[in-house]
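One structure below.
Numbering (our numbering), first residue to last: 1 to 133.
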């Protein structure tokens, strides 16, 4: 089974600041609930680099497949649990997070909580990016 989610948040910051904030992988724990992110291969700022996001103990390794500052980053999820693609985009003063995921059979049961966590994370991101240095 697959699903697509797209969530957007307005950010009172210039596009280049939004891009730098969204790609500051090591600081994602400041705005993504229950997640620690680290660069595990490459520089984290180019195609082919890999990052690992560990959320509540579940590893989500991703490879950057598109790096287009200050517009977008695309990744492919490489993990056993999380598979699919994601696009993190800046459109003017909006941050748009799109996930196209292959989901397990129980996804309909956890989807409301998953979407709530993403929405809250985006609200936190807006504050994070507006104060980003």
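Note that the Cβ used here is the ideal one computed from N, Cα and C, for glycine as well.
Quick caveat: nothing in here was measured; it's all calculated off a predicted structure.
query                                                                                                   : result
Is there at least one Cβ from chain C nearer than 7 angstroms to residue 74's Cβ?                       : The chain labelled as chain C is not found in the depicted structure, where only one protein chain is given.
Do residue 84 and residue 60 count as a contact pair if the criterion is CB distance below 7 angstroms? : no
Can you tell me which residues form a DSSP beta bridge with residue 42?                                 : Beta-bridge pairing links residue 42 to no other residue.
Comparing alpha-carbon positions, which option in 70, 81, 114 and 11 lies nearest residue 104?          : 81
Is any heavy atom in the ligand MN found nearer than 6 angstroms to the beta carbon of residue 122?     : Ligands in the displayed structure: none, and consequently the ligand MN is not present.
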